Amino acid sequence: MTAGVMHQLNTASIFQEKDDTDNIPNQQDVVSIDYKTGAKFEGKVTNYKRVGSGIFTWPNGCKYEGQYSDNFRQGKGKQTWSDGTIYTGEFLNDLRHGEGKIIWSNGESYEGIFFKDRRHGKGTYRWPDGSVYTGTFYMDQKEGYGTFTFSDGNIFQGLYKEDEREGPGVITYGNGQQDAGLWMAEKMIKFCSPITSAFTIKSHQELEYNEEEKYIFIDLAEKDYPQVPIDHILNPLSPMDYAPVTDLSQRVESLYSETLDYRSLAVNRKAFDSEFFKTFNGVLDIEGKIRAWNGTPRMMQLQKHAHRHSLGQSTVDFDVDAVLKMDRRKFQDKGPIELQSEELITAAMSGDTRKVELLLASGKVHPDVSDCSGHTALIGATVNWHLDVINILLNHGANVNKLNDEGCSAFSAGIIFYYPIEGFIYNIAEKAMKPVQEVQSVKRENQPKSILTNTRERRASKLNQINRIRSQSTVSVPNNLDPASDGEISIKSSSRKISFGNQLSETQNLEQTDVADREDEDGDSAYGEDADDIGEANGEDVDDIGEALAEQNPECNNSFEDFDSNQSIRNYQIEVSEDLIERCATQLSQNELIINRENSNLAEDKARKLAIQINVNERMKETLDLLLRRGADPNASSVPMPALFFAIKSADVDMVRQLLMKGANPNTRLSKEQGGLCPLHIACAIPGDEGVEITELLLDALADPDARAAEDDSFLNKTLEDEWSKDPISFESRQLLGGRTALHIACARDDNYKNASRVIRLLLDHKANTTLICNGYSPLALAIASGNDLAIDELLSYGADPSLPLTHGVGSALCVANNPEFEHRRTIQARLQLVDKLIKAGADLLAPIAIGPKRIIGTAVDYAYYMFSQDRRIAHMPYHALTPAERDTYNARKRLLAHVGDIMRVKAVEREKQRIADEEKVGVRSQSASTNFVYIGAGAKLPPGVKSRSAALVGQGQVKFEASALDGEGTESPTRSGIKAWGNVNAKQLSNSTHSHSKMPMRKPLFKYCYECGRSVGVRLVACTRCKEVYYCSKACKIKAWNARHKEECIRVGGRSRSPSPKHRTDSPTSTTIANKGKQTAASNKILVPVKGLSKSAESQRRLAKHKFRTGSPPNYEYVFIDNYSHN
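Number 1109 in the UniProt record's numbering belongs to position 1109 of the sequence shown; there are no gaps in the numbering.
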């Protein structure tokens, strides 16, 4: 019912011209003024302004009688329009303001509060037919709680907005019935009763659904702006075209705001709101947040509107909270609107297109009406795959994206049935997902009530079902089957229950006749005769054959109507190929007689059951395609997860492409409980070519390749957590730490290295960051750990840093390559090649790595030795006690350690050479730590006149001392002052070089490590007793290094040997080794050589004690402690 037109007032000043004002007398007496326009005023005038009481008549017949102030109508008065409309009440500033009553010429009237010339506040509006509305108004429109009494006596009490019902309300009929629920656009949008067999996500317990996590909250402080016209969407306004702010001056408001449409942004809504709510008691919370009943945007606006007017609930007689809580018990019997709304939903679920059309055409039922749980007719038609009903609902304006109270849209509900959980492909991205083998081992007791799986699962399901029903397939269809049996078709097998939609109907238990083929040793069948004998009965009637079979096999005593071909197949030993069964079922799925639900008897044949499955699957796909064509938003619902995840988990490339083309968000996320994964995370973990194709589709749709999943314990090394948990994390590393990225997941795959490397290449082509770290692992480290050498090559070719410091006890990429935990991924030769590849790519073997419980700083070599020692059986068990397999493991690990030790020495020497070269560039020369020996392995130069080792051998340039006398055995005893040259070195040159050499700064090694194995921590390093520039961790390493290389690098340049050797024998690396043991040495005085490193062994302690006992004082040695934990 429409309200009468509100007549706007025109001020008298618009008729005043300059000549008219000149004729107005300046006095306070009652005067009569005639205007040239035809207007007339009778009343008081002061200073050319109307004051006091007066009568103003317009030329068109409109008339005002009442009070004036400062030339404006102000106070009580009466305004009469030419059409007979009369207003009697208060005025302010020439506007109706305050209490008043207006009667229109058409018989409609309003009596109540006016505010700035608008009906605003409490009032009563009457129509000529006897209808009455009593309630509140907001800017000339019904808004807030009110009571509308119809001319027929029916009464509606509820909430209004913009002249329409919007919110909780109840219609009470003359017969006592009531329609209670939520209303929108004058129609019921939600009633308080439930619909039986309605779709609900709670019935799908196999899906992860946390109701609290899906809560949506409404921000009460957010302003609701009016909807912009469609032409503004097609032709967007420029920034300069938008309306200004509303805090204008009072004069501008009076000129421009009051006569504007209520939806205008220029309207000062604060003033109207303040006037509207001042009559209600209590304080309304308008700044906080409230939980939404329903996530549909239109329903959220309705809820916000209901909260806005919650203080006015006391003005109506019904229980508003009961309606909001969907409690129907406090109301009378259901009225016609509720009953028709229920009929609409049930008719849509059953596919009754005629009834749906009639109910919608009547105009009394809203196409989006729902039950108390939000279940709509569109959702019911979708999950039952009624395409015609869906089209009818959408043609009548149903919202294709309307959600139920759980947050499911019609499209998301259909997706749940189309992609059941057993059809999901196993992937490593979802940690809670079990591998296929584990899933198959679990009993399927809580399977989703759907027959749909993805393409692979459907194919597998078909084949498995064929194997199960091979002994029960029919070869003929009886002619006397009753095609008119009622009821839904429901199929129940030994492993899963299958039903159409979510309609649960009574099912017929299929006979489990898994009878094995029984044959005697001579080939006779279990029925007492050969199969060929049965086949000879071709001339007999079919009935006789059936009776004969029943007599021979009591289990098969069915009537002819129940005769099934599986008996013939078993008896005749007919082998039907799986491909033939599947092709047959595909053809049968196109036959309406086969797949018609009414012909339930035909479904007894299991081949036909497979045909029904195929047909239903095709209808499901057609339904989803229809919804997408009619505007379904893939992002509308995220319950239980966005539709895009269902398609990706099922590896359905075509559906993923279709969803992305319809605007599916490629950067949406799962909940934190589900890992906070993005679609790209799962796509990168899908095995097979489908994963590669889906990854490419997502990246082309602008998916973020560096999106991080929620932080969890993925890849975390929990074995040594007590050790690495003490490590401080630098600021740079903190910036790189976070959850898994798609690149992390792809690099961690070990199912198909080739496909994984293709995915990695796609990610790198789209600028994926290779330096991000998840629980200490970079993508390169994960590729090494998973054994994917193709991925390593891709990462290195795109510039991945092999020297990136890794946290959480991982160390570096080289540490991962040397970790025995991942040695099963490669052969020993492949591991050696991997280390070489990383070194060639720039991996820093000398980078500091925290090792052990005390977190001592070492290198990747030390890390490798430390991890080697963690396997106590392999590392500490005597070699002869190991098994052959353990010996192979031991040998492989030792070979790897020796390899990295050699690389360590090469890299350290290169760094020493670089230092010497840099010093020479600036004119700085350093001398060896030893005055008599020079280590030339790092590039140090010999003193002038001294040749290399090959020219300094005995008899070929070796420095010797002259003998001052012969000892008792005729051995020459050299003196300190008597130096003579052998070969090309004379005594003068050597003396001068030694003098100048003493003025140079002492050269210290940049890095202290064992010159043989490469270890720098966890061992005690002792300097070479000759050159003092290289170190050894043990005597074994010392001898190995001496024989392998150091004897060619450690050159004597002065002094004499403490242990003379036979002719042509090279010097020994161990100074305490005496060739002529027991004989008198050639040296008359002992030369004390300073030794770096203080031995703590029992032998050293014994020697110190013995020397102190003899002399009374410790030996005059210079003991220097070597810091093995620093790098300089």
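Just so you know, even glycine gets a beta-carbon here, dropped at the ideal spot from N, CA and C. Predicted model, so just to flag it, every value in this text is computed and none were measured.
Which listed residue (the options) has its alpha carbon closest to that of residue i
i            : options                 : result
E622         : I857, I415, T353, K672  : I415
R855         : G809, Y865, V900        : G809
N891         : T827, H307, L845, G923  : T827
Y209         : D319, E99, A322, M641   : M641
residue 1171 : K334, G738, D29         : Look at the range of the chain in this structure, 1 to 1128, and you will see that residue 1171 is not part of it.
T149         : M184, P336, Y125, Y138  : Y125
T771         : P802, P128, T315, K270  : P802
V30          : K40, V45, A39, T147     : V45
V356         : D70, N635, H396, N384   : H396
A198         : H375, P884, S926, K767  : H375
L796         : L806, A783, G146, A685  : A783
N60          : N71, L846, G38          : G38
A432         : Y145, D750, R1015, Q674 : Q674
R308         : P168, Y419, Y866, Y426  : P168
A185         : E823, N106, K142        : K142
I874         : D862, A850, P820, Y863  : P820
N635         : K40, L659, E582         : L659
I686         : V616, D713, V639, R758  : R758
D273         : F115, D319, S341        : F115
Distance, residue j Cα to residue i Cα
i     : j    : result
G84   : G351 : 56 Å
V389  : M326 : 27 Å
D34   : L220 : 56 Å
G380  : N404 : 11 Å
W104  : G89  : 14 Å
Q613  : L680 : 31 Å
L394  : M661 : 21 Å
L780  : F731 : 21 Å
F868  : E206 : 45 Å
N667  : R298 : 25 Å
F417  : Q313 : 42 Å
M300  : F645 : 26 Å
Q1026 : A709 : First, the residue type needs correcting, since residue 1026 is Arg and not Gln in the sequence shown. Distance between the alpha carbons of R1026 and A709: 58 Å.
R1020 : A800 : 36 Å
S370  : G811 : 59 Å
S725  : M904 : 28 Å
Residue burial classification, residue i (beta-carbon count within 10 angstroms, cutoff 16)
i     : result
D368  : buried
G288  : exposed
E794  : buried
E211  : exposed
M1000 : exposed
Q829  : exposed
P944  : exposed
A817  : buried
G688  : exposed
R165  : buried
L670  : buried
G523  : Per-residue confidence for G523 stands at a pLDDT of 41, beneath the threshold of 50, marking its modelled position as unreliable; the derived number appears in the next sentence. G523 is exposed by the Cβ-count criterion.
N399  : buried
G663  : exposed
Q79   : buried
P878  : exposed
Expected contact under 8 Å - CB spacing of residue i and residue j to nearest Å
i     : j     : result
L92   : A306  : About 32 Å separates the two Cβ atoms, so there is no contact after all.
V323  : G181  : 7 Å
I1051 : F933  : 7 Å
Y935  : S928  : 6 Å
T931  : G1054 : 6 Å
Practice task
For the segment 331 to 369, list the alpha helix (DSSP H) runs that are entirely contained and at least 4 residues long, ordered along the chain.
Solution key: 336 to 350, 353 to 361
Handout entry: In chain order, each beta strand (DSSP E) run of at least 3 residues that lies wholly inside the segment 387 to 442
Key = none
Practice task
Please go through the segment 1016 to 1062 and give each complete alpha helix (DSSP H) segment of 4 or more residues, from N-terminal end onward.
Solution key: 1035 to 1044
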